[in-house]
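What follows is a single structure, written as structure tokens, with notes after it.
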Amino acid sequence: CGNKYNKRLWCDSCRYIKWSTSWIQDEDDPDDGLKHQIVGRRIANSIIFPLTNYSGYTVGFIVRSIYEKSYNTFVLRHRPEGYFFGVSQSVQSIWTSKEAWIVEGPFDFLVLERLVTKNILCLATSSTSKEQAKFLRRFTVTVNSCLDLDAAGRKGLRSLIKWNSSYFEIRDIKYPKIKSSDKDLGDFWNSVGDDRFKHYFEDAMVSQIG
Numbered sequence: 018c019g020n021k022y023n024k025r026l027w028c029d030s031c032r033y034i035k036w037s038t039s040w041i042q043d044e045d046d047p048d049d050g051l052k053h054q055i056v057g058r059r060i061a062n063s064i065i066f067p068l069t070n071y072s073g074y075t076v077g078f079i080v081r082s083i084y085e086k087s088y089n090t091f092v093l094r095h096r097p098e099g100y101f102f103g104v105s106q107s108v109q110s111i112w113t114s115k116e117a118w119i120v121e122g123p124f125d126f127l128v129l130e131r132l133v134t135k136n137i138l139c140l141a142t143s144s145t146s147k148e149q150a151k152f153l154r155r156f157t158v159t160v161n162s163c164l165d166l167d168a169a170g171r172k173g174l175r176s177l178i179k180w181n182s183s184y185f186e187i188r189d190i191k192y193p194k195i196k197s198s199d200k201d202l203g204d205f206w207n208s209v210g211d212d213r214f215k216h217y218f219e220d221a222m223v224s225q226i227g
């Protein structure tokens, strides 16, 4: 890359190489002090979830380790529209209903989509970007928040309300912590199973509307 000495000007290929690279010691001769660069090691043994805008273009991805509950996100530098995981299959339902559910992680998205509703968006973080907020302002009148129960998730909800409550209604769809370590929808589902999970959110929506 012609801008290799100025990180702010790096192309996306160079940014990906830097983001995904690990340096490891030579196993054949660990005492020689030499390390080898392995591009893509950061996504090894992981599940990759695409991030797209509502026009259907892939602008990045979420990496989820298969060994532990940890995520990493890589996005292209130029992305004029709000991006989400799941927007390509959800956007028509959102346009029709003018309503969206927001979650943090892909697995939260998948269980909620399978059991409760189709008009879901995965933010990939606990906060809503300016571009994501623009999407919500343009296409929704109601947003149901199912962000994580930890401090970051609650902070993300407060920020969403502070900056966007005049543009659309925001409902805080709370769900219980069955175990002290639980923090997200996936944990709740693991604790209660399909039927109780589905009925809980159906009842929660009735109480919100009522």
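Using our numbering, read the sequence shown as starting at 18 and increasing by one per residue.
All residues carry an ideal CB built from backbone N, CA and C; glycine is no exception.
Practice task
Within the stretch 79-146, note down every full beta strand (DSSP E) run reaching 3 residues or more, in order along the chain.
Solution key: Counting only runs of 3 or more, we get 88-92, 116-120, 137-139.
Handout entry: Whether W112 touches F156 by CB criterion (7 Å)
Key = Between W112 and F156, the C-beta gap is smaller than 7 Å, which places the two residues in contact.
Exercise for the section: Out of F91, S208, T159, point me to the one whose CA is closest to L177's CA. Expected result: Of the listed residues, the one whose Cα sits closest to L177 is T159.
Problem - Straight-line gap, I65 to F78 (C-alpha atoms, nearest Å) - result: When only Cα atoms are considered, I65 and F78 end up about 6 Å apart.
Practice task
Assess, as a yes-or-no matter, whether the stretch 97-112 is touched by the stretch 80-87 under the definition of 3 or more beta carbon pairs within less than 8 Å.
Solution key: Touching, no, given that fewer than three Cβ pairs across the two stretches are closer than 8 Å.
Exercise for the section: Could you tell me how far apart the beta carbons of I190 and S162 are, in whole angstroms, since I believe they sit closer than 8 Å? Expected result: Going by Cβ atoms, the distance from I190 to S162 rounds to 6 Å, so yes, they are a contact pair.
Exercise for the section: Apply the 10 Å Cβ neighbour rule to I137 and answer buried if 16 or more other Cβ atoms are within range, or exposed otherwise. Expected result: Counting Cβ neighbours within 10 Å, I137 comes out buried, since at least 16 surround it.
Handout entry: Spatial distance of S183 from R154 (CA atoms)
Key = S183 and R154: Cα-Cα distance of roughly 10 Å.
Practice task
From the DSSP output, in three-state form, read off F185 for me.
Solution key: Of the three classes helix, strand and coil, the one that applies to F185 here is coil, per DSSP.
Exercise for the section: Please look up how many angstroms separate the CB atoms of N62 and V104, rounded, as I've assumed it's under 8 Å. Expected result: Between V104 and N62 the Cβ distance is about 27 Å, and since that is not below 8 Å, they are no contact.
Exercise for the section: Name the two residues that bound the continuous beta strand (DSSP E) containing S63. Expected result: Run containing S63: 63-70, per the beta strand (DSSP E) assignment.
Practice task
Sort K135, V92, I195, G173 by Cα distance to S114 and report the nearest one.
Solution key: Proximity to S114 across K135, V92, I195, G173 peaks at K135, based on C-alpha coordinates.
Handout entry: Start-to-end residues for the alpha helix (DSSP H) that takes in S30
Key = Here the alpha helix (DSSP H) through S30 covers 29-37.
Handout entry: Beta-carbon separation (whole angstroms), E130 vs D201, contact threshold 8 Å
Key = That belief does not hold up - the Cβ atoms of E130 and D201 are roughly 15 Å apart, past 8 Å.
Exercise for the section: Can you tell me which of N89, G99, I55 puts its alpha carbon nearest to the alpha carbon of E148? Expected result: Considering only alpha carbons, the answer is G99.
Exercise for the section: Count the other C-beta atoms from every protein chain shown that fall within 10 angstroms of the C-beta of C28, then say buried if there are 16 or more, exposed otherwise. Expected result: C28 is exposed by the Cβ-count criterion.
Problem - Minimum C-alpha distance to F185 - residue among E116, S37, Y74 - result: Comparing Cα-Cα distances from F185 to each of E116, S37, Y74, the minimum goes to E116.
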